[in-house]
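In the numbering used here, the protein residues as written are 1464 to 1545. For every residue, glycine included, the Cβ atom is placed at its ideal position computed from N, Cα and C. A short write-up of the structure that comes next.
Listed below in structure tokens is the structure:
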């Protein structure tokens, strides 16, 4: 029931799971449709990892390689050498 309530929302920035059952926490974390899940805590994040929401909670990611990909465009430049 908690999973259905969490996923039945237009937003998906973050979620918290408070439990003493680590297996249950991992199952729920994998099933919740959001950008970050904290287990038995909050605001613990390595700033080198990508962070961002899903659904209507923002666009793209900040931090890590994902942010670089979001803010850059690949360009192919060709130059004849002969």
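In the DSSP annotation of this structure, the continuous segment of the alpha helix (DSSP H) that includes residue 1486 starts and ends at 1485-1494.
Under DSSP, residue 1502 forms a beta bridge with 1480. With three or more CB-CB distances shorter than 8 Å, the region 1467-1483 counts as touching the region 1494-1504. For residue 1507, the CB contacts under 8 Å within the same chain, skipping 5 residues up- and downstream, are 1501 in chain order. Burial check for residue 1494: the Cβ neighbour count within 10 Å stays below 16, so the residue is exposed.
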